[in-house]
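If you count by the working numbering, then the sequence shown holds residues 145 to 536, one letter each, in order. Glycine included, each C-beta is placed from N, C-alpha and C at the ideal position. Keep in mind it's a predicted model, so treat the numbers as computed, not measured. Accompanying notes for the structure given below.
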Amino acid sequence: MWFCRPERITPPDTLREVPVEKTDAAVNRAWEGEAMPQADVVPLTAGMLRAGMDALAAGILPWDCHRFRRVKKLQQAERNHGCVELMRDGGNFVAVKKMPTRWICGSPDEFDAQHPKADERPWMDVGIVRLLNEVRYPYCVKLLDIFADDKSTYVVSSLASEGDLFAWCECASKPGLHREAAMYPLVNQIFTGVRWLHDFGVAHRDLSLENILLHSENGDLRVQIIDFSMSTLDQSASAEVRGKPSYQAPEIHLPQPFDTEMTDSFSLGVVMFAMGAEDYPWKTTKRKACELFEYACMFGFSRLLSKRRLRKGGGESLAEVFSPSFTALLAGLLAKDAGKLEEETITQTYIFRSLRGCLAICVGHHLAAFPAPPSACSARHGGVSLQIQESA
Numbered sequence: 145m146w147f148c149r150p151e152r153i154t155p156p157d158t159l160r161e162v163p164v165e166k167t168d169a170a171v172n173r174a175w176e177g178e179a180m181p182q183a184d185v186v187p188l189t190a191g192m193l194r195a196g197m198d199a200l201a202a203g204i205l206p207w208d209c210h211r212f213r214r215v216k217k218l219q220q221a222e223r224n225h226g227c228v229e230l231m232r233d234g235g236n237f238v239a240v241k242k243m244p245t246r247w248i249c250g251s252p253d254e255f256d257a258q259h260p261k262a263d264e265r266p267w268m269d270v271g272i273v274r275l276l277n278e279v280r281y282p283y284c285v286k287l288l289d290i291f292a293d294d295k296s297t298y299v300v301s302s303l304a305s306e307g308d309l310f311a312w313c314e315c316a317s318k319p320g321l322h323r324e325a326a327m328y329p330l331v332n333q334i335f336t337g338v339r340w341l342h343d344f345g346v347a348h349r350d351l352s353l354e355n356i357l358l359h360s361e362n363g364d365l366r367v368q369i370i371d372f373s374m375s376t377l378d379q380s381a382s383a384e385v386r387g388k389p390s391y392q393a394p395e396i397h398l399p400q401p402f403d404t405e406m407t408d409s410f411s412l413g414v415v416m417f418a419m420g421a422e423d424y425p426w427k428t429t430k431r432k433a434c435e436l437f438e439y440a441c442m443f444g445f446s447r448l449l450s451k452r453r454l455r456k457g458g459g460e461s462l463a464e465v466f467s468p469s470f471t472a473l474l475a476g477l478l479a480k481d482a483g484k485l486e487e488e489t490i491t492q493t494y495i496f497r498s499l500r501g502c503l504a505i506c507v508g509h510h511l512a513a514f515p516a517p518p519s520a521c522s523a524r525h526g527g528v529s530l531q532i533q534e535s536a
């Protein structure tokens, strides 16, 4: 219906299959071998973030057009007035976000002075990634360096070889139990990655299919969360509408303060829905602006699934396609208007809408909300290996 990218991205060139058991092994390593002990997880502070951003600004290097060879454009970065390009750096491929220096400015202080009301803050993005790299957080790209010439600033990062979750949605099997099983190892990593962000005190506020990438490491898939430009270290906010309309928690449109981590949980519910259905649940969560969201508010999420038809199906409803346990998970993550519910329901809603609650349900019991992945099931039914065709 309207399941399309907000920003155009170059599609994957080739497809290949990655067995679930291999991808799940990567999940287990991330959860067990790479897990940071809780006592070692120190929340990031505004001072740490500002010091990191200032250090990056002071270390900007001159752009070397002979060192970096452009291969092709990967994606528009419209909110940053630029684009992301695939480039060759010696024998390696890297992702380069190119932005006008008049937009990003030469430092975070200069940016804040020039753009005090900006929702998109590129220095916040690179500052958070730098700190996450320092603590060896495994679910983000590696920030390599920042360069500039007389017109543009170039943020060079490691390349996520397998594209984003939007590409996964387009390549996966048709919605149903097989697709849910393929989601299993990826959802595990996504929930773990976002839970760790919240442990560090970071609310992302722009989680979406486009901002969750996949990278292949020795044949295993690793989730990488990107674009922290709208992130905050504040757990409470008000009058701050962030993220893409389909993914926005409904409470951010209300005048009272809201929990920023809870809004991430709602966004993850939309991500899970989109992965499972290859469609969005609604266009926007702003009241009286989308008939589907109004229907869900009036009659409930389960009735919405009964009403909605599979986008590329034969007339079956999403209620028929989704497993009961997956439906229950979505209903919890996409719970709305918690402040207006009775006390017992409020408690249940916040348990579902908190990442720790979801992890207790899903990760602690090997994603019990999903069917166990069969050994023959592919984790992606067509992931990506970037086939490079260099531009002249």
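Residue span of the alpha helix (DSSP H) that contains A239, given as start and end: First-last for A239: 236-244, but that is the beta strand (DSSP E), not the alpha helix (DSSP H).
Pairwise C-alpha distance: G476 and D378: 24 Å
Under the three-state DSSP convention, the category V331 falls into: helix
Given N332 as reference, the closest of P425, T189, C434, V415 once Cα atoms are compared: V415
Nearest-angstrom Cα separation, counted from I334 out to I369: 8 Å
beta-carbon R214 near the ligand PLP non-hydrogen atom, thresh 7 Å: No copy of the ligand PLP occurs in the structure displayed, which carries no ligand at all.
Three-way DSSP call (helix, strand, coil) for Q220 in this model: strand
Counted within 10 angstroms of its Cβ, other Cβ atoms place A347 as buried (16 or more) or exposed: When all chains shown are included, A347 counts as buried.
Euclidean distance between Cα positions of E438 and D253: 42 Å
Nearest to A383 (by Cα), restricted to the options S352, P401, E435: P401
Buried/exposed call for C313, threshold 16 Cβ in 10 Å: buried
Rounded straight-line distance, which links the Cα of V465 to that of R274: 41 Å
Nonlocal neighbours in the same chain, by C-beta distance under 8 Å from K432, ignoring five residues either side: The beta carbon of K432 sits closer than 8 Å to those of E438, all from its chain and outside the five residues before and after it, given in chain order.
Top-ranked residue by Cα proximity to L200, from P206, A190, W267: When only C-alpha atoms are compared, the closest one is W267.
Helix, strand or coil at G508 [DSSP, three-state]: Residue placement at G508 cannot be trusted, given a pLDDT of 36 that sits under 50; the coordinates are not used to answer.
Residue from S390, K427, E422, N277 whose Cα sits closest to the Cα of F410: S390
Within 8 Å, strictly: CB atoms of P329 and E422: no
Cβ pair H225, M243 closer than 8 Å: With respect to the 8 Å criterion, H225 and M243 are classified as neighbours on the basis of their beta carbons.
L357 - DSSP class collapsed to helix/strand/coil: strand
Top-ranked residue by Cα proximity to Y281, from E222, V186, E306: Check the Cα spacing between Y281 and each of E222, V186, E306: the tightest is with V186.
Element boundaries [alpha helix (DSSP H), containing T407]: 404-421
Beta bridge counterpart(s) of F212 as assigned by DSSP: D233
P399 - DSSP class collapsed to helix/strand/coil: coil
Beta-carbon contacts of S446 that lie in its chain and below 8 Å, excluding the five residues immediately before and after: A463, T471, A475
Y439, DSSP secondary structure in three states: helix
Exposure label - K484; buried when at least 16 CB within 10 Å: Low local confidence applies: a pLDDT of 44 at K484 is under 50, so the model's placement there is unreliable, and no value is given.
Counterpart residues of L287 in DSSP-defined beta bridges: S301
Validate contact between the stretch 361-376 and the stretch 202-218 using beta carbons, cut 8 Å, 3 pairs: no
Cα-Cα separation, F291 to F237: 16 Å
Distance, G420 Cα to L473 Cα: 12 Å
Assigned secondary structure, G392 (DSSP; H/G/I helix, E/B strand, else coil): A small fix is needed here, since residue 392 is Gln in this sequence, not Gly. Coil at Q392, not helix or strand.
C-beta atoms of L358 and E324 nearer than 8 Å: no
Option in A239, A262, K261, V299 with minimal Cα separation from T245: Per the C-alpha coordinates, the member of A239, A262, K261, V299 positioned closest to T245 is V299.
Chain-order list of residues whose beta-carbon lies under 8 Å from that of K217 (same chain, five-residue window excluded): T154, C227, V228, E229, L230
DSSP-derived helix/strand/coil call for L205: strand
Minimum C-alpha distance to S469 - residue among F372, L398, F417, P260: F417
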